[in-house]
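Chains as they are written, first to last, in this note's numbering: chain A, 30 to 234; chain B, 30 to 234.
Even glycine gets a Cβ: it sits at the ideal position worked out from N, Cα and C.
As the structure is a prediction and not an experimental result, all values here were calculated from the model.
To keep things clear, I will list the structure first and then write my remarks on it.
Number of protein chains: 2
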Amino acid sequence: MSTPKAAQQQPRRADAIRNRNLALEAAKTLLVRPGATLTVETIARQAGLGAATVVRAFGTKDALIDAATADLLEPLVQRAREALTEDDPGAALRAFLLELIDFQAAHRVMSGQLEGLQLPLTATLRTELRDALHAMLARARDAGAIRTDIHPAVTTVLLGEATYAIARSSESSPELAAGFVTVMMDGLRPQPGSGAQEPEARPTV
Amino acid sequence: MSTPKAAQQQPRRADAIRNRNLALEAAKTLLVRPGATLTVETIARQAGLGAATVVRAFGTKDALIDAATADLLEPLVQRAREALTEDDPGAALRAFLLELIDFQAAHRVMSGQLEGLQLPLTATLRTELRDALHAMLARARDAGAIRTDIHPAVTTVLLGEATYAIARSSESSPELAAGFVTVMMDGLRPQPGSGAQEPEARPTV
DNA sequence: GTCCAACCGGAATAAGCGTTCCAGTTCGTT
DNA sequence: AACGAACTGGAACGCTTATTCCGGTTGGAC
Numbered sequence: 030m031s032t033p034k035a036a037q038q039q040p041r042r043a044d045a046i047r048n049r050n051l052a053l054e055a056a057k058t059l060l061v062r063p064g065a066t067l068t069v070e071t072i073a074r075q076a077g078l079g080a081a082t083v084v085r086a087f088g089t090k091d092a093l094i095d096a097a098t099a100d101l102l103e104p105l106v107q108r109a110r111e112a113l114t115e116d117d118p119g120a121a122l123r124a125f126l127l128e129l130i131d132f133q134a135a136h137r138v139m140s141g142q143l144e145g146l147q148l149p150l151t152a153t154l155r156t157e158l159r160d161a162l163h164a165m166l167a168r169a170r171d172a173g174a175i176r177t178d179i180h181p182a183v184t185t186v187l188l189g190e191a192t193y194a195i196a197r198s199s200e201s202s203p204e205l206a207a208g209f210v211t212v213m214m215d216g217l218r219p220q221p222g223s224g225a226q227e228p229e230a231r232p233t234v
Numbered sequence: 030m031s032t033p034k035a036a037q038q039q040p041r042r043a044d045a046i047r048n049r050n051l052a053l054e055a056a057k058t059l060l061v062r063p064g065a066t067l068t069v070e071t072i073a074r075q076a077g078l079g080a081a082t083v084v085r086a087f088g089t090k091d092a093l094i095d096a097a098t099a100d101l102l103e104p105l106v107q108r109a110r111e112a113l114t115e116d117d118p119g120a121a122l123r124a125f126l127l128e129l130i131d132f133q134a135a136h137r138v139m140s141g142q143l144e145g146l147q148l149p150l151t152a153t154l155r156t157e158l159r160d161a162l163h164a165m166l167a168r169a170r171d172a173g174a175i176r177t178d179i180h181p182a183v184t185t186v187l188l189g190e191a192t193y194a195i196a197r198s199s200e201s202s203p204e205l206a207a208g209f210v211t212v213m214m215d216g217l218r219p220q221p222g223s224g225a226q227e228p229e230a231r232p233t234v
């Protein structure tokens, strides 16, 4: 009735806890390493453990990947929350976008190998990140830094997905990121030729 | 010395050719179907053939996927070439971007399952598409429809990758696409506050 | 120091998948 | 109509990988 294969309670013995952390760190390392193959075997070797131990510590390979990915994502979400408290909403948005791209470029997490996995923790963090971005945009809009004639969803998705794509791009570089953010911010700025509303895009939804 | 495992000459017998096409169509169907599992078994069932036949027709599963993906991509590349001959470069670019997103949203090709595969045909088409987009942007820039203070690579990558991301987004919709393109085009337009050059982004590369 | 439950890891297990085999079928030529 | 080469597909093979087994090891309470 309850969780059938509960994600394993906190292990009790000291070595178990230590090994759990080793496995987690190993997974994080490999997740970030570009060409790495993400098998239990590989992770175990990276951690200096047996494959069985690695799996047991999390119950499932997927659970381990989930935990590792979430761990990597955590500081970014943290930063997003901080950005929400800064003074100038427009500047905060711009700065955070740059950070976002940087982060995603540095950790090329989620390298496509983990597409189609069940990653509840990660999904939650992604939602939080998305919500924070949404709030960031709303703040910027209220402050008049962003045009109001575009449906809010556009900007959220645009920035969330596009930054990811840019960061993943093979020729990613600081210049590219900066140029991208400039274009986006200029495009999102209230446009001169129109009042608050512009008929070009109709937020019919 | 020559190609070691040549991609199989055109099969000679009529039924072989027919089956080859069946396999190709089946693969295309499954490539576009969102949740589909892309195994030889699945493709064979979809085509009403045996697994062995499907593989034999292309020599390799990868070759089949490659051919199918390339087949799907083909018309898009065609459209890109046409867009290059239209009169108003700015309008052509805008129109093509909308088509691009539409296309990618409709066929959610390359669903991540085929990340890390060797797809020569597809790679070639992607390059062509990319080149066409590059040319389209150059034309728009020359026509004064696009700002010149951003490094050209920014725009190419931006539009190539970002449209892909937008299209893949879960809440993709025509409104979203339209809003996105509007923001992009406005951001790419020559900006009022600056001359031809703006110090904000430095094309140091 | 003792002892046992918790834990480890190499090996066995199991499942998925691409590819190849081969006996039977079919096309197309004569 | 007949025959050989081309082709088919179910079954077998081989490989990769997550997961489980189990005999041996170790942490930590007493």
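Item: CB contact below 8 Å: D215(B) versus chain A; Value: yes
Item: D215(A) versus R168(B): straight-line alpha-carbon distance, rounded; Value: 21 Å
Item: Spatially closest choice to D44(B) from E190(B), Q75(B), T82(B), R74(B), by CA coordinates; Value: T82(B)
Item: Proximity to E103(B) [Cα-Cα], best of L166(B), P219(B), A161(B), P63(B); Value: A161(B)
Item: Cutoff 8 Å; reference P118(A); Cβ partners in own chain excluding five residues on either side; Value: M165, R168, A169, D171, A172, A174
Item: P149(B) (DSSP reduced to helix, strand or coil); Value: helix
Item: Same chain, Cβ closer than 8 Å to L101(A), neighbours up to 5 away in sequence not counted; Value: K57, L60, V61, H136, V138
Item: Distance, A121(A) Cα to L113(A) Cα; Value: 8 Å
Item: Rounded straight-line distance, which links the Cα of T192(A) to that of R52(A); Value: Arg is not the amino acid found at residue 52(A); the sequence shown has Ala there. C-alpha separation (whole angstroms): 30 Å.
Item: As assigned by DSSP and simplified to three states, the class of Q220(B); Value: coil
Item: Proximity test, Cβ basis, 8 Å: A174(B) and chain A; Value: no
Item: Local Cβ density within 10 Å of D95(B), reported as buried at 16 or more and exposed below that; Value: buried
Item: C-beta contact flag for R176(A) and P149(A) at 8 Å; Value: no
Item: Check whether V267(A) and L217(B) have beta carbons under 8 Å apart; Value: Since the first residue shown for chain A is 30 and the last is 234, residue 267(A) is missing from the structure and cannot be characterised.
Item: L146(B) burial status per 10 Å Cβ neighbour count (16 or more: buried); Value: exposed
Item: Minimum Cβ-Cβ distance from H180(B) to chain A less than 8 Å; Value: yes
Item: Minimum Cβ-Cβ distance from Q194(A) to chain B less than 8 Å; Value: For clarity, residue 194(A) is Ala in the given sequence; the question names Gln instead. Taking Cβ atoms only, chain B reaches closer than 8 Å to A194(A), which makes this a yes.
Item: Closer than 7 Å: A191(A) CB and nearest the ligand ZN heavy atom; Value: The model on display carries no ligand, and the ligand ZN is accordingly not part of it.
Item: Whether A92(B) touches I72(B) by CB criterion (8 Å); Value: no
Item: Backbone CA spacing between V186(A) and T68(A) [nearest angstrom]; Value: 32 Å
Item: Proximity test, Cβ basis, 8 Å: T17(B) and chain A; Value: No information on residue 17(B) is available, as it lies outside the stretch 30 to 234 that chain B covers here.
Item: Where R74(B) sits in the DSSP three-state scheme; Value: helix
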